[in-house]
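Encoded as structure tokens, the structure appears first; notes follow it.
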Amino acid sequence: MRLKNASVILWVVITAVAPTIAAEPATPALLVENIVPVDPVLGALSRQDVRIEHGRITAMGELPSDPDANTIDGSNRWLIPGLWDMHVHVTYDEALLDSMAKAFVDHGITRVRDTGGPVQALQQIATRWNAPTGDAPYLYYAGPLLDGNPVVYDGSVGPEVGVDVGTAAAARVAGLVAAGISFIKIYEMVSPEQFHALVQAARAHDLPIAAHIPLRMNVEVAATAVDSLEHLRNLELGCSNDRDQLLRERRKEMDQHEALAGMALRSRIHGQQRDQAIANEDASLCDTLIARLRDTIQVPTLRLNAMTQHPPFAEADWERALGFLPGHVARAWREAPRQMDPVTYRAHGAWSLAMIARLHRAGVPIGAGTDTPIGWAVPGHSLHRELELLVTAGLSPRVALAAATTVPASFFGMDATLGRLQPDYEADALILTANPLEDIRNTRRITHVIRQGRLLRKPLTDARP
Ligand SMILES: [Zn+2]
């Protein structure tokens, strides 16, 4: 019996280790000399050397030179952790799939969180992107939007990425776990019963939860039960002085929805209630709600919410950004100024910008996400735009940097090993030619991108802000 066990263990060790050795030549150590590390928690550190080996930062300080290491001169350079985009739909537009990985990497995005898409397709993309030799950001995915009845993304408008979980929340989540998901995304039409069943199922699998506040639910009950809220969606409904009346009206509307598809029903409710709730805000009620959100990351996607105030095509480098897209997509996106509705979302955009400073003052963690490629979001480029808008809205450049590094790591419970420039942390890092704490737009001035200790590009032409 003992012998049999020993042979089983040996077999496991051989099959686990042997293919890795065969497929993957050892990456040489990286030694970045004489650079200023900018840690999202501590800020700019003193000029020093940083050694990276086996995917990790192994030493920082005044280090001996090493003829066997790949040495990079960091004089007049700054080192920041690799950036995350916390809100991406990789599969949303098939025309972008082939160009996406390069666009992300060239913009210094080393990890992305896909917040809704077909799980099999995402699993296949993750297999390529997440391989040790992957020339792409590391992909974490939730699979479909877990929705109620009627489903918003049922395929009639936009891609079919939503599912009605019905009464099978636990089985649905278990199936997604088998397909490699790292978190779940709960959508707007679920009932309170479905919501709680999904939360319970996710917790049973130790999965973090991203969500929109479901329209049938009381805002703080839903907001405090999940780990991240996207787009500040429906938060304003909990701040209104007529919040209970609005909730009753929404429920009634949804119970009588027969004639309307999910997308149309949701739009109608947003149209009826959003601006009214913003206009009728009870500030002290809202502050009480905000104070309860200290454990819920807000991913505001300001570039989407505040598009009326800050349209993408008004950016100085918009034409350069379009160069990352396939030609026919770039041509279509040049029509954006004619297609954008300048009126409908104006109040919500202003409210979103003002809400960021308020949330930050109250100690609520803010995460950087873009909804790429929705709303003319060029992969990677849009994340830098988001960082810029977070600073415009009131975050310091250091806190904006944390929104794309330590905050997303904490969503996945990895904040002790990822997102900072400290010994033993995973080595996702970017070398910049200018200090991002002086101007957050300097995060665009990237020369080198390192993912899990491996140099993905060397060196990039110095990107101008
Ligand atoms: Zn989204």
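Those letters in the sequence shown? Residues 8 to 472, per the numbering used here, in order. Backbone N, C-alpha and C define an ideal beta-carbon position, used for all residues, glycine too.
Query	Result
Using CA atoms only, rank isn't needed, just tell me which of Ile42, Arg58 and Val48 is closest to Thr34.	Arg58
Specify the secondary structure class of Gln316 as computed by DSSP and reduced to three states.	coil
Provide the residue span of the alpha helix (DSSP H) that contains Arg458, from first to last.	Unbroken run through Arg458 is the beta strand (DSSP E), Ile453 to Arg458; no alpha helix (DSSP H).
For Gln459 and Ala436, which I take to be in contact (beta-carbon distance under 8 angstroms), what is that distance rounded to the nearest angstrom?	About 10 angstroms; that fails the 8 angstroms criterion.
Using a 10 Å radius around the Cβ and a threshold of 16 neighbouring Cβ atoms, would you call Asn312 buried or exposed?	buried
Residue range of the alpha helix (DSSP H) that Gln127 falls in?	Val126 to Trp136
Please work out which residues of its chain come closer than 7 angstroms, Cβ to Cβ, to Ala284, disregarding the five sequence neighbours upstream and downstream, and give them in chain order.	Glu243, Leu244, Cys246, Ser247 and Leu253
Touch check for the region 350 to 360 and the region 48 to 66: three-plus C-beta pairs under 8 angstroms?	no
Answer yes or no: do Leu397 and Ile363 have a C-beta to C-beta separation smaller than 8 angstroms?	yes
In chain order, what residues of the same chain have a beta carbon less than 7 angstroms from the beta carbon of Ala133, not counting five sequence neighbours either side?	Leu146, Tyr148 and Gly187
Please name the residue, chosen from Ala108, Leu90, Gly89 and Trp85, that lies closest to His96 on a Cα-to-Cα basis.	Ala108
Can you tell me whether Glu40 is buried or exposed, with buried defined as 16 or more other CB within 10 angstroms of its CB?	buried
What did DSSP end up calling Arg353 once you bin it into helix, strand or coil?	helix
Within the same chain, show all residues whose beta-carbon is closer than 6 angstroms to that of Ala407, passing over the 5 residues directly before and after it, in chain order.	Leu394, Leu397, Val398 and Ile447
Give the DSSP-derived three-state secondary structure of Thr295 in the structure shown.	helix
Is the closest heavy atom of ligand 1 to the C-beta of Thr122 under 7 angstroms?	yes
Should Glu393 be listed as close to ligand 1, given that the test is whether its C-beta is under 7 angstroms from any heavy atom?	no
Tell me the DSSP secondary structure of Trp383 in three-state form.	coil
Pull up the DSSP beta-bridge partners for Gln280, would you.	Gln280 is not bridged to any residue.
Thr182 lies in the alpha helix (DSSP H); which residues open and close that run?	It should be noted that the sequence gives Gly, not Thr, for residue 182. Per DSSP, Gly182 belongs to the alpha helix (DSSP H) from Ala176 to Ala185.
Measure the alpha-carbon distance for Pro319 versus Thr424 and round it to whole angstroms.	34 angstroms
Glu260 by DSSP, collapsed to three states: which one?	helix
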